[in-house]
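Undergrad: Counted the way my numbering counts, the sequence shown spans residues 8 to 129. Just so it is clear, CB atoms sit at the ideal spot from N, CA and C, and this is done for glycine as well. A quick note: this is a predicted structure, and the numbers were derived from the prediction, not measured.
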Amino acid sequence: MPTRQREAIEEVLREAARPLTREEILAFGRAKVPRLGPATVDRTIRDLTANFQLVGVEFPGQPRRYELPAENEHPHFICRACDCVFDLPVAMRLPKVNAPKGFQISGGEVIYSGTCSDCSSG
8 MPTRQREAIE
18 EVLREAARPL
28 TREEILAFGR
38 AKVPRLGPAT
48 VDRTIRDLTA
58 NFQLVGVEFP
68 GQPRRYELPA
78 ENEHPHFICR
88 ACDCVFDLPV
98 AMRLPKVNAP
108 KGFQISGGEV
118 IYSGTCSDCS
128 SG
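Here it is, written out as C-alpha cells:
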C-alpha cells in the first residue's frame, strides 16, 4: 500500500509535466507533505525507476532528472536562464543513422535551448 509520501511524490511528477531533479521532487513534495525526507525521495525514485514507472533523463552539464514514461519519443527544451527542462509536445522519431563500425547506438536525444516563458517575461 503506497504511503502518503510516495503518493505525494507521484502527484508532484504528474503535476509538473516536465522532468524534475531530485531536489525539485523533494521541494515540491515538501509543499504537500512537509516532513518528506530525502531518503524517502531517493527510495521512491529508485523503486519507480526499477519498475519502469519513472524514467531518468540526463543532459550534458545538467543534473539527472526524472519524468513519467511518455507514450512517444519527444524532444526536450532547456532554459539557459533558469536551467529548467521541459518536454516539448512533439511526437518524433530519431533518424536512422549508420554508426561507425563497432558502434552500437542505444538511443538518442533531441534538445532545444533558449529561454522559458517565465524567464522571457521577467
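Name the DSSP bridge partner or partners of C86?
TA: For C86, which the question treats as bridged, DSSP gives the partners G121.
Undergrad: Distance, Cα to Cα, G114 vs R25?
TA: Their Cα atoms are separated by approximately 20 Å.
Undergrad: On a Cα-Cα basis, can you pick out the residue from E22, R21 and A46 that is closest to E30?
TA: It is A46.
Undergrad: Extract the residue ranges of the beta strand (DSSP E) inside the stretch 92-117, only unbroken runs of 3 or more that lie entirely within it.
TA: Listed in chain order, they are 92-94.
Undergrad: Quick check on DSSP: helix, strand or coil for R72?
TA: R72 falls in the strand class under three-state DSSP.
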